[in-house]
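Per full-length UniProt numbering, residue 1 is the first one in the sequence shown, and the count goes up by one each step.
Beta carbons are placed, not taken as given, at the ideal position from N, Cα and C, and that holds for glycine.
One structure below.
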Amino acid sequence: MIGAGTQLVTEVSINFGSSLAGLLIPVVGSPVVVAARQLVMACTVLPFYRPRLATLTWRRLWPALMLGVVLAIMNLSFYQAVDILGLGIAATIEFLGPFALALATSRRLLDFVFATAAAIGVFLLTWTDGTLDPLGIVFGLTAAASWAAYILLTRRVATQFPGLEGISVASIVSLALLVPLALITVDWARIDWRILGLLLAVGALSSAFPYTVDTFILRRITPRLYAIITSFGPVIAAVFGFLVLGESFTALQQVAILVVCVAAGAAIATQRERPTSDLELTAGAIP
1 MIGAGTQLVT
11 EVSINFGSSL
21 AGLLIPVVGS
31 PVVVAARQLV
41 MACTVLPFYR
51 PRLATLTWRR
61 LWPALMLGVV
71 LAIMNLSFYQ
81 AVDILGLGIA
91 ATIEFLGPFA
101 LALATSRRLL
111 DFVFATAAAI
121 GVFLLTWTDG
131 TLDPLGIVFG
141 LTAAASWAAY
151 ILLTRRVATQ
161 FPGLEGISVA
171 SIVSLALLVP
181 LALITVDWAR
191 IDWRILGLLL
201 AVGALSSAFP
211 YTVDTFILRR
221 ITPRLYAIIT
231 SFGPVIAAVF
241 GFLVLGESFT
251 ALQQVAILVV
261 CVAAGAAIAT
271 QRERPTSDLE
281 LTAGAIP
């Protein structure tokens, strides 16, 4: 119960951080918010898991480099989707990435039913009244595809590097890509101590805190339970979108978000015991 409760807290933390990012994006822009988040993550990871340069080879290094690129694309496209579509809708679309990856190798008819239900839910979510910006949907789908790639690369990096050394390499690469973009787009006149405090909060809530407690959680609950709780992230995101960002959802959109989450949760809950699936690896892949 402690592990499940802690993971629920991390889901709240991640989505609360994303809602604060939604407040910041119109002020400083997505590149600045993402760069600040990655900077906080790097400051959290690097002091304890610095990569050992003497042991690095290209074969070991390239997955971590690619992970850094994907990490930058994933977070930047997600925050762009949040800016255009709102947090609740963007989070629901993004979750299609790991969900689709988990079902990609399935041969069960039941999983096909769940996938169809999720697809219908997203269709209802994005096409209910014709007011959603297609560019926002593209950003959301890009974030979804990037999350799926992130899970696959995280698995590869985990076998190549001990601890979080691979993530530390990825965080450096991500920062190298994002910081120049942030410096080009930032309006320094709009940066004050309140904005800096919110940027720090976004990094702490969405990256530093979840990474810190991730190992604690996975030692106390199964990957399946972790993934089931994660599948309800879009609902938590929609709640914070409403409370913090003042987002509103039609009745049909609310139903659509629930359909996607329930379909994902049911798909995981009905899986037979077997080696860890890609969706279960979502437990180790916090975007």
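Environment of residue i [buried if 16+ CB atoms lie within 10 Å]
i           : result
F112        : exposed
G197        : exposed
G98         : In the sequence as displayed, the identity of residue 98 is Pro instead of Gly. Under this definition P98 is a buried residue.
T270        : exposed
P210        : buried
residue 367 : Summary: the structure shown does not reach residue 367, with the chain confined to residues 1 through 287, and so no result is reported for it.
I137        : buried
I84         : buried
L279        : Interpretation of L279 is limited by its pLDDT of 48, a score under 50 that renders its predicted location unreliable; the figure taken from the coordinates is listed afterwards. So L279 counts as buried.
A36         : buried
A176        : exposed
Same chain, Cβ closer than 6 Å to residue i, five either side skipped, listed in chain order
i    : result
G241 : G86, L87, G88, E247
L46  : S168
Pair within 8 Å by beta-carbon distance, residue i and residue j
i           : j    : result
L24         : V202 : yes
L150        : M74  : In the sequence as displayed, the identity of residue 150 is Tyr instead of Leu. Cβ atoms of Y150 and M74: closer than 8 Å.
R190        : V34  : no
V186        : V82  : no
A4          : L225 : yes
A148        : L101 : yes
S77         : L245 : no
F114        : A251 : no
I217        : T6   : yes
residue 294 : I221 : The question about residue 294 has no answer here: the residues shown for the chain are numbered 1 through 287.
Coarse secondary structure for residue i, derived from DSSP in three states
i    : result
A285 : Only weak support is given to the placement of A285: the predicted model assigns it a pLDDT of 48, under 50, and the value that follows is read from those uncertain coordinates. In this structure, A285 counts as coil in the three-state DSSP scheme.
G86  : coil
L46  : coil
A104 : coil
V40  : helix
S231 : coil
Spatial neighbours of residue i in its chain, beta-carbon cut-off 7 Å, leaving aside the 5 residues before and after
i    : result
S174 : Q38, G68, L71, A72
M66  : L153
G140 : A81, L85, A90, I93, E94
V208 : Residue 208 is actually Ala in this sequence, not Val. Correct list, in chain order: V40, M41, T44.
Cβ contact (3+ pairs, closer than 8 Å) linking the region 260-267 and the region 113-120: yes
Inter-stretch contact (C-beta, 8 Å, three-pair minimum) for the region 233-246 and the region 82-96: yes
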